[in-house]
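For reference, the structure discussed in these notes is given below.
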Amino acid sequence: MFKKMFAKMGVGAAKVDLRLNETAYTLGHVIEGAIFIQGGNVQQHINLIDVEFWLEVQMKSGQMHTHRVESLRAASAFTINEGEKKEIPFTYHLPLDLPISASNVSYFFKTHLDIEGGVDSTDRDPVRIKAPESLYQLVEGFETLGFREKRHSGKFNGYKQEFAFFPTDFLKGYVNEVEFEVAIEREGIRMLLELDLPSFGREREIKNELFFTNDELSHPSTIARLLEEAMEEMMENPRDYEYYKPSHYDQHSHHPRMSGLGGAMGGFAAGMLGGLLIENLIDDMFEDSALGEIGEDIEEAGEDLLDGDFFDGGDDW
């Protein structure tokens with residue numbers, strides 16, 4: 001009798017524990033693991049088990065804005081006997097348009113064991129979300145041309161995640177900064193490329209939307225050449241790229257297509273968060289780049305730039 005009374009108060013009750021096979025997963029991949037249920041000191045009826053996937057974004061005030069990405073029903077009603085152990089397989093397919101984990105972006109799973117007539121059991125498990133290899137390959141193309149990552153690269157602005165580089169060789173003196181956002185697709189990467197040009201004391205922006213196939217991305221020299229050709233074309237005909245207007249997009253073209261970048265990395269979160277984060281996110285929140293550790297200070301164009309490395313640290317970001 002006392003066992004049942006204590007179990008209803010949570011003492012000696014059933015417990016739940018989600019165990020993931022890995023601590024980090026790549027966008028578009030399947031998260032795998034298992035849910036372990038440990039019976040308590042008495043038999044109990046379980047109404048359900050839910051697993052929720054949550055996104056946290058740190059805001060300018062230092063507060064965390066948390067939003068549920070997905071809620072998954074892992075199990076319906078069942079009975080767990082005293083001391084019994086149950087194991088339920090768990091999988092979750094990650095969307096391709098989530099922002100990757102970074103200094104102000106984090107994720108966790110929350111598992112809820114709903115116990116009939118008792119205190120529910122919960123479990124929280126953090127997980128890192130990484131960029132796919134194709135993004136590393138794209139970045140390698142920029143680095144081959146002498147571009148280096150800037151300090152604020154990878155900033156999630158509440159709508160999309162943007163990456164920023166500065167030239168050390170190709171286009172040095174002609175371009176202040178290269179920025180891009182990407183949409184990871186099954187066939188390759190769609191990218192909105194922006195060049196910031198100096199122009200009489202103010203910056204002039206020109207933009208171009210490009211698509212690179214997985215085959216092109218797998219060859220560093222090819223992707224570097226395609227990037228170089230695209231940027232040279234933009235520099236030679238800047239007026240053609242000065243105004244950003246939505247239009248139909250042919251994904252297998254390297255020619256200018258000024259369309260909105262639907263499905264961009266971070267776009268999934270934007271749909272949930274709306275514009276709430278725009279005025280609250282810290283501009284310099286990213287002490288580290290989103291895809292690697294910061295290198296040494298570099299003084300360029302009158303400002304201190306921090307040279308990040310997309311490939312150092314690998315699974316650590």
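For the sequence shown, the UniProt record's numbering puts the final residue at 317, and the numbers step up evenly by one.
Here a beta-carbon is modelled for each residue, glycine too, at the ideal position from N, C-alpha and C.
How long is the line joining the alpha carbons of residue i and residue j, rounded to whole angstroms?
i, j, result
"A75", "H29", "23 Å"
"R186", "Q161", "19 Å"
"R151", "F142", "16 Å"
"I37", "M231", "56 Å"
"Q58", "D97", "19 Å"
"P198", "Q137", "28 Å"
"N81", "I115", "13 Å"
"S218", "V105", "28 Å"
"G267", "N237", "30 Å"
"M235", "T222", "20 Å"
"R73", "R148", "44 Å"
"K85", "S61", "44 Å"
"E22", "L135", "21 Å"
"G173", "F156", "28 Å"
"E229", "R202", "25 Å"
"N41", "R68", "33 Å"
"N214", "F200", "40 Å"
"R239", "L55", "40 Å"
Within a Cβ cutoff of 8 Å, which residues of the same chain sit near residue i, ignoring the five residues on either side of it in sequence?
i, result
"E70", "E52, F53, Y92"
"T122", "V16, K110, T111, H112, L113"
"I49", "V16, I35, I37, R73, A74, A75, I88, T111, H112, L113, D114"
By Cβ distance below 6 Å, which residues in the same chain neighbour residue i in space, the five residues on each side in sequence not counted?
i, result
"residue 322", "Residue 322 lies beyond the stretch modelled for the chain, which goes from 1 to 317, so this question has no answer here."
"E140", "P220"
"E179", "E162, A164, E194"
"Q44", "A14, I80, I115"
"E279", "Because E279 sits at a pLDDT of 47, beneath the cut-off of 50, its placement in the model cannot be relied upon, and the following sentence gives the value as read from the coordinates. Cβ neighbours of E279 beyond the five flanking positions: none."
"A264", "K160, E181, A183"
"Q63", "none"
"I31", "Y25, Y92"
Which same chain residues end up closer than 7 Å to residue i when comparing Cβ atoms and leaving out the 5 residues on each side of it in sequence?
i, result
"I129", "Y25, L27, L94, L98, I100, S101, Y107"
"R204", "L197"
"L18", "G33, I35, V51, F90, F109, T111, D123, D125"
"T144", "P220, A224"
"Y241", "I206, K207, N208, M234, P256"
"P132", "T26, L27, G28, I184"
"V175", "P167, L195, D196, L197"
Would you mind reading off the limits of the alpha helix (DSSP H) that contains residue i?
i, result
"Y136", "133–144"
"I223", "220–236"
"L217", "214–217"
Just to confirm, does residue i get its C-beta within under 7 Å of one of the non-hydrogen atoms of the ligand SAM?
i, result
"L217", "Annotation note on the ligand SAM: not contained in the displayed structure, which lists no ligands."
Under the assumption that residue i contacts residue j (Cβ atoms under 8 Å), give the Cβ distance between them as a whole number of angstroms.
i, j, result
"G146", "T168", "5 Å"
"F166", "E177", "6 Å"
"L20", "V127", "6 Å"
"G39", "G83", "5 Å"
At which residues does the beta strand (DSSP E) containing residue i begin and terminate?
i, result
"P126", "121–130"
"P99", "That residue, P99, is in no beta strand (DSSP E); it is neither H nor E in DSSP."
"A164", "163–167"
"R148", "147–149"
| field | beta strand (DSSP E) runs wholly inside the stretch 169–203, at least 3 long, in chain order | value | 177–185, 188–199
| field | Whole runs of the alpha helix (DSSP H) within the stretch 10–68, excluding any shorter than 4 residues | value | none
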